[in-house]
Amino acid sequence: MMTCEINMEAFFNIEDVEKAIKESNFNKAIGPDGFDGKILTKSEEILKTVSEKITEWLKSGKIPQYIKEGRLILLSKTSGEHYPEVNNTRAIIVNSHLNKIVEKVIVNKLQEKGSELMRKGNQQSGFKQKKMALTQT
Numbered sequence: 001m002m003t004c005e006i007n008m009e010a011f012f013n014i015e016d017v018e019k020a021i022k023e024s025n026f027n028k029a030i031g032p033d034g035f036d037g038k039i040l041t042k043s044e045e046i047l048k049t050v051s052e053k054i055t056e057w058l059k060s061g062k063i064p065q066y067i068k069e070g071r072l073i074l075l076s077k078t079s080g081e082h083y084p085e086v087n088n089t090r091a092i093i094v095n096s097h098l099n100k101i102v103e104k105v106i107v108n109k110l111q112e113k114g115s116e117l118m119r120k121g122n123q124q125s126g127f128k129q130k131k132m133a134l135t136q137t
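If you count the sequence shown from 1, position 131 lands on 131 in full-length UniProt numbering, and the numbers rise without skipping.
Here's what the structure looks like:
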């Protein structure tokens, strides 16, 4: 069996995190940790500190549990109903803005390096263009 070893120290860098922060939309509900990503656009010092910490998490592969937690909210499918029936609602999870940054860094890196990673671990067929799991044997 072939494995794909990735050097996490070299894989993620602070520029990846800063790019993800700039691409993020923080005009969304704040997660249970109370961190508002808008603060990152107000202070270079805070941006640098948060970027360094997120880079550290990604390189170590150890994302704090509180970053992964979300808050379940039921939204009414019909406008104006203050207390709708449960079957007239849809559930959403409000995540931390920090979690959204971490996810964006990972997605960006997979889009950037995806084909290279798939070549290294060629036993995988998921995410390969023009390949289906049914055609693999």
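Here a beta-carbon is modelled for each residue, glycine too, at the ideal position from N, C-alpha and C. It should be emphasised that the depicted structure is a prediction, and the values quoted were computed from it without experimental measurement.
* Asked: How big is the Cα-Cα spacing for valine 105 and proline 64?
  -> 16 Å
* To do: Label lysine 100 either buried or exposed according to how many other C-beta atoms from any shown protein chain fall within 10 Å of its C-beta, with 16 as the threshold for buried.
  => buried
* Asked: Is it the case that the Cβ atoms of aspartate 33 and serine 96 are separated by a distance below 8 Å?
  -> yes
* To do: Give the secondary structure of serine 96 by DSSP, where H, G and I count as helix, E and B as strand, and everything else as coil.
  => coil
* Output the distance between the C-alpha atoms of asparagine 13 and lysine 62, rounded to the nearest integer angstrom. => 15 Å
* Give me whichever residues DSSP pairs with serine 76 in a beta bridge. => Thr89
* Give every residue of the same chain whose Cβ lies closer than 8 Å to the Cβ of threonine 78, excluding the five residues on either side of it in the sequence, and list them in chain order. => Pro84, Asn88
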